[in-house]
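Notes follow the structure.
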């Protein structure tokens, strides 16, 4: 029988599974994994990885298991404020997650273990760094065997990074379609011919894809590959993957939003004024988590993050998210997580039974949603009615800080300049009326020097 | 190994649209690539040891190959 508490993201692994009870997250270790788990603990590998900030801390706890018939132990992993997925990461986030995976594999190899999977979904961002979350992904390494997760590393990390770097940064979205990573034959077709001149990509993508096709109907017995990988060969492979990943860089392309703050109609004074209003509203509602939607380079998200509030800064522009991540990394900002998200088509629930990876809204609600300088893009550029916007925000957060940008504002006029104005209700009365259906308006503050108004609302 | 190498080079990897076996091709190419890279890695590791030795003679901090964080 299916255990109702068992989380569907971890059903494939017989070693154990995640479950939730009384709001707390646990990981059951099954008897199946008992010998491996004991060896792992004795080796000191888990402890060293946790100390290095590469693995999430997951101590053993005395808690009733979710399925006593298969249970060995129960762990309580440190819970992350938000789970994110590879199709929501910027280029450098993705690259850092890949390099951290290889670091973990290197350390595991030295301790006599190997990662049995190299899935992007085992990497998450916590504080200012990528962290591995699956304590049960290690297995004893048998001397001379190939790395069992090599294929998965290439499909989950190397192929998307190569495509983002050499073709188009937006190709990370292919990970939304291919839950087990981008098929290498597809990556090989999409990459430019010049990528064959890159030794790492020629080997790990092009030759790898060709070998997969060649041996698709020609299984190789395990005994035939045992003893073939010496120490130098194994470490050489990891070293090559690492240098190939490091060598991939982002071509700077100007996108719609990356220069946004240089092109708005805000003066420095109005921007500071808006910041103060946002801060006072945050002080009033004291949220534990903020989702800043349409955050651009996370300028206003940082007001929340700097107050110790976990803040996810979502934006449609991967370059704006990249800029936010690079700044976060440089300044070691602890409470910020910039992510790529198209609000007009937010991350869906994907995988088996639509339940392996949560949709954007399933990961909420946040205590507070911020929607600053956003509503006109959704209402006018995307034709989303004001009532539908109110419903969406009410699903996403318990409180809402939202900026209404009226007609007459240069940004709205710019959006209307190329199309017919079919939005007779797009005015402050229409806005308040639509949002009052879902929210109680707590504050409405005009932003000095602009025609805009900042609202603080609470979900009914 | 040389048989595998020849096969990979001459096997005529046409655009056959087949369901990709998760293991065999990946395993074989991995062994081949790793065998080619192993030698280079051994030289690199040896060179690091030599340069590390001289660096330590001159009081420089030893390079740690297992750095923890992505750069």
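Residue numbers (this note's numbering), protein chains in the order written: chain A, 1 to 460; chain B, 1001 to 1071.
All residues carry an ideal CB built from backbone N, CA and C; glycine is no exception.
Only a predicted model underlies this, so the values are computations on that prediction, with no experimental measurement involved.
Query                                                                                                                                                                                        : Result
Pull the bridge partners of residue 28(A) from the DSSP assignment, please.                                                                                                                  : 17(A) and 74(A)
Measure the C-alpha to C-alpha separation of residue 1020(B) and residue 176(A) and round it to an integer number of angstroms.                                                              : Since pLDDT at residue 1020(B) reaches only 37, below the 50 mark, its modelled position is unreliable, and the value read off the structure follows with that caveat. Roughly 19 Å between the two C-alpha positions.
Return helix, strand or coil for residue 164(A), following the three-state DSSP convention.                                                                                                  : helix
Measuring only between beta-carbons, confirm whether residue 1052(B) sits less than 8 Å from chain A.                                                                                        : no
Which class does residue 457(A) belong to by DSSP, given the choice of helix, strand or coil?                                                                                                : strand
Answer yes or no: do residue 233(A) and residue 205(A) have a C-beta to C-beta separation smaller than 8 Å?                                                                                  : no
So what does DSSP say about residue 197(A), is it helix, strand or coil?                                                                                                                     : helix
Between which residues of its own chain and residue 25(A) is the CB-CB distance below 6 Å, once the five residues before and five after are set aside?                                       : 79
Just checking my contact of residue 397(A) with residue 421(A) at CB under 8 Å: how many whole Å lie between their CB atoms?                                                                 : Not quite, the Cβ-Cβ distance comes to about 30 Å (not below 8 Å), so this is no contact.
Between which residues of its own chain and residue 321(A) is the CB-CB distance below 6 Å, once the five residues before and five after are set aside?                                      : 90, 315, 338 and 340
Might you give, ordered along the chain, the residues of its own chain that have their beta carbon closer than 6 Å to the beta carbon of residue 217(A), omitting 5 neighbours on each side? : none
Should residue 371(A) be labelled buried (16 or more other beta-carbon atoms within 10 Å of its own) or exposed?                                                                             : buried
Hey, which unbroken runs of the alpha helix (DSSP H) at 4 residues or more fall wholly within the segment 105 to 193 of chain A?                                                             : 150 to 153, 159 to 166, 174 to 177 and 184 to 190
So, do the segment 163 to 175 of chain A and the segment 99 to 109 of chain A have three or more beta carbon pairs nearer to each other than 8 Å?                                            : no
Provide the residue(s) that pair with residue 60(A) in DSSP beta bridges, ordered along the chain.                                                                                           : 75(A)
Pull the bridge partners of residue 50(A) from the DSSP assignment, please.                                                                                                                  : In DSSP, residue 50(A) forms no bridge with anything.
Taking the Cβ atom as the reference point for each residue, do residue 230(A) and residue 1038(B) lie within a distance shorter than 8 Å?                                                    : yes
Name the residues in the segment 233 to 255 of chain A whose C-beta lies less than 8 Å from a C-beta of chain B; which are they?                                                             : 233, 234, 235, 236, 237, 239, 240 and 246
Alpha carbon to alpha carbon, what distance is there between residue 15(A) and residue 31(A)?                                                                                                : 8 Å
For residue 451(A), does the three-state DSSP call read helix, strand or coil?                                                                                                               : coil
Under the three-state reduction of DSSP, which class applies to residue 316(A): helix, strand or coil?                                                                                       : coil
Between the segment 214 to 226 of chain A and chain B, which residues of the former have CB atoms less than 8 Å from a CB of the latter, in chain order?                                     : 214, 215, 216, 217, 218, 219, 220 and 225
Does the segment 444 to 460 of chain A come within contact of the segment 387 to 407 of chain A, defined as at least 3 CB pairs closer than 8 Å?                                             : yes
Give the single residue among 438(A), 373(A), 430(A) and 381(A) whose Cα lies nearest to the Cα of residue 447(A).                                                                           : 373(A)
Do residue 303(A) and residue 289(A) have their CB atoms nearer than 8 Å?                                                                                                                    : no
For residue 1049(B), go through chain A and note every residue whose CB falls closer than 8 Å to its CB, in chain order.                                                                     : Those do not exist, as residue 1049(B) stays about 13 Å from chain A at its closest Cβ, beyond 8 Å.
Nearest by alpha-carbon distance to residue 29(A): which of 76(A), 236(A) and 408(A) is it?                                                                                                  : 76(A)
Where do the N-terminal and C-terminal ends of the alpha helix (DSSP H) with residue 1023(B) fall, by residue?                                                                               : Here residue 1023(B) belongs to no alpha helix (DSSP H), and DSSP marks it neither H nor E.
Within the continuous alpha helix (DSSP H) that includes residue 247(A), where are the two ends?                                                                                             : 231 to 247
Quick one: Cα of residue 11(A) to Cα of residue 141(A), how far?                                                                                                                             : 23 Å
For residue 156(A), verify whether its CB is less than 7 Å away from any heavy atom of the ligand GDP.                                                                                       : The model on display carries no ligand, and the ligand GDP is accordingly not part of it.
Excluding sequence positions up to five away, which residues of its chain have a Cβ less than 7 Å from the Cβ of residue 112(A)?                                                             : 43, 140 and 141
Would you report the Cα separation of residue 325(A) and residue 92(A), rounded to the nearest angstrom?                                                                                     : 8 Å
Does residue 338(A) come within less than 8 Å of chain B when only Cβ atoms are used?                                                                                                        : no
Look up residue 228(A) in the DSSP assignment and say whether it is helix, strand or coil.                                                                                                   : coil
Can you confirm whether residue 228(A), when its beta carbon is compared against all beta carbons of chain B, has any partner nearer than 8 Å?                                               : yes
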